[in-house]
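Enquirer:
Structural data, given as structure tokens:
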């Protein structure tokens, strides 16, 4: 396919590259970056059977969709991104599922060391969880509730509009004249792109623009009264918000992280090829123990040496290491 790494992915250097959903976008961008780095090696392995070409196309398509989503979250309206947070979560999950599906097909078609690297990416993709940042979730909730307000109660609606916009603006860092101007332009760009058939989206976008136009000064006044830091020429407030959300996310996954740190895998239980816990350990002629699947693949590729000691092997027989398997089983209990 001749796809250069620079053509596959544009690296977003920090969470503040994204207007909203910083945590999810940063996680997705890291997956895209990791896959982009091994993509040239995958192509060089030439998995040219029909299924291999199909898997490569699927992977390239998955990377393209993920890149489009990341671009969308770096350019779109903050208010609209907050309202549609659930959709962004679903799109992130679909992107990682596509990547995992295509890499799983490619894994068996490439050399063992590359397959090990791909296998590690696949494991991480399967474990990926996308959760809305707390500030984005709060902003989206109050805006969706506003959209469902009874328009007949004009007095109460105006009060609800001001309060909802003030809260959403503070959570999304729309706290300066420049930020409001950028948000208005982003909404206009979305309106220019949306088709006439999507009237519900047009209606929401026009309403958001109306809110900013009518209550923009009220938002700025509220932020000034609260001594809220402005983001004029920077993303300082957003960075602080992301750091808070990251700490919240850390607490959510704290139990899992603590369990992993407590259960450090002894080196002797790891396969020298995959560097992961062995489930079916076998001994080869050199006396070294490997996971059966990985050492078999090593031999099937025409290698006649021990991957750990580099010793030339006369035979390639695999002997189950029952003693090691028993030790691993007891350790896992």
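Residue numbers (the working numbering): 52 to 384. No residue lacks a Cβ here, since even glycine has one placed at the ideal position from N, Cα and C.
1) I need the boundaries of the beta strand (DSSP E) containing residue 167, first residue and last residue.
2) Does DSSP put residue 369 in a helix, a strand or coil?
3) Does the beta-carbon of residue 268 have 16 or more other beta-carbons within 10 angstroms, so that it is buried, or is it exposed?
4) Quick check on the DSSP output: the beta strand (DSSP E) that includes residue 340 runs from which residue to which?
5) Just to confirm the assignment, what range does the beta strand (DSSP E) spanning residue 333 have?
6) Compare the Cα-Cα distances from residue 151 to each of 82, 187 and 103 and report the closest residue.
7) Reducing DSSP to helix, strand and coil, say where residue 299 ends up.
8) Across which residues does DSSP place residue 242 in a beta bridge pair?
9) Please confirm if the stretch 224 to 243 is in contact with the stretch 146 to 164, defined as three or more CB-CB distances below 8 Å between the two stretches.
10) Take residue 371 and list the residues in its own chain whose beta-carbon comes closer than 7 Å to its own, dropping the five residues that flank it on each side.
11) Look up residue 77 in the DSSP assignment and say whether it is helix, strand or coil.
12) Quick check for students: name the residue ranges of the alpha helix (DSSP H) that lie wholly in the stretch 100 to 152, counting only runs of 4 or more.
13) Using the DSSP secondary-structure output, state which residues sit across from residue 356 in a beta bridge.
14) Please state if the CB of residue 93 and the CB of residue 157 are separated by a distance shorter than 8 Å.
15) Here's the rule I'm using: 16 or more other beta-carbon atoms within 10 Å means buried, otherwise exposed. How should residue 260 be labelled?
Expert: In this structure, then:
1) First-last for residue 167: 163 to 178, but that is the alpha helix (DSSP H), not the beta strand (DSSP E).
2) coil
3) Exposed: under 16 other Cβ atoms inside 10 Å.
4) 340 to 342
5) First-last of the beta strand (DSSP E) with residue 333: 332 to 334.
6) 82
7) The predicted position of residue 299 is uncertain, since its pLDDT is 40 and thus under 50; no value can be drawn from it.
8) Paired residues: none, contrary to the question.
9) Too few Cβ pairs lie closer than 8 Å, so no.
10) Contacts found: 333.
11) helix
12) 101 to 126 and 129 to 134
13) Paired residues: 363.
14) yes
15) buried
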